[in-house]
Amino acid sequence: MASSSRALLFSALFLLSTLSFNPLICTAKDSRVSLALYYETLCPYSANFIVNYLAKIFDNGLISIVDLDLIPYGNARVASNGTITCQHGKYECLLNTIEACAIDAWPDLDVHFSFINCVETLVVEHKYLEWESCFANTGLDSKPVSECYENGDGHKLELKYAAKTDALEPPHRYVPWVVVDGEPLYEDYENFEAYICKAYKGNNRPEVCDAALIKLSKAKKSRNAVCHNKDVSLFDGKRIEMVV
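For the sequence shown, the positions run -20 to -1, 1 to 224 when mature numbering (1 follows the signal peptide of the UniProt record, and there is no 0) is used.
Right, dumping it as structure tokens:
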């Protein structure tokens, strides 16, 4: 009886070890392509990219091979006293922080992206003052985000994103700044799907890659519109400091 139990235990442990180290099981996750979007909420080109380009990968299956990282900070500046100044004024600082809080409050990508996509859709429609309607539109509770903003955690998140943005190599020159597997796409960011497909080394490549790669092979690199990263002194008085 004891020997039978030991044999059963050995078999179970062997099976677990086999599953744990089976490269076929790890391939899908390990071969994902990293996609990072450095953006600011009120740059019209950032909003357009999120709403009309990035959102599509959640529908066409490309998200299955992507690790997406959203960094809502953009061309902002941090002063020596820790205050943050944003390129498009106080509402951009507000929405940058709100979206940072959403990412932190709802770590699930599908959840926080649905909220961010809603807010950026309002930016595209010039209705961003109605951003709070996105809680009801997505069915999400506003409490964790509002608490994050009000208790100062959102400001800490923005400082973290500031450090992450400032550490970019090469440094970002504008937004949206799209990076695929560590390589910036510069102004050709609207073709990001093709770059993801080209970087993907795993099996079972999504069908959308076929058309995307053909398009990339035939087209010249695009020069899509951007919000340039300039020195603070070059902005007018619309740049408003905000302390959270």
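In this text, a Cβ means the ideal position worked out from N, Cα and C, and glycines have one as well.
Its Cα nearest to that of residue 120, the residue 92 stands out among 37, 92 and 45. For residue 66, the CB contacts under 6 Å within the same chain, skipping 5 residues up- and downstream, are 56, 72 and 73 in chain order. The criterion of a C-beta distance shorter than 7 Å is satisfied by residue 31 and residue 104. Around the beta carbon of residue 54, a 10 Å sphere encloses 16 or more other beta carbons of the protein chains shown; the residue is thus reported as buried. In the DSSP assignment, residue 121 falls outside any beta strand (DSSP E) and carries neither an H nor an E. Here DSSP, grouped into helix, strand and coil, assigns residue 186 to coil.
Residue 24: member of the alpha helix (DSSP H) spanning 24 to 32, first to last residue.
The continuous beta strand (DSSP E) containing residue 46 extends over residues 46 to 52. Shortest Cα-Cα distance from residue 26 to any of 58, 99 and 83 involves 99. Residue 65 carries a strand assignment under DSSP once its states are collapsed to helix, strand and coil. Under the three-state reduction of DSSP output, residue 208 falls in the strand class.
Across the structure, residue 166 and residue 48 are spaced so that their CA atoms are roughly 18 Å apart.
As computed with DSSP, residue 13 is found in a beta bridge with 46.
Each of 17, 41 and 24 was checked against the Cα of residue 189, and the nearest Cα belongs to 41. Assignment of residue 173 by DSSP, reduced to helix, strand and coil, places it in the helix class. Around residue 128, the same chain offers 81, 84, 85 and 134 as residues with beta carbons nearer than 7 Å, after the five sequence neighbours per side are excluded.
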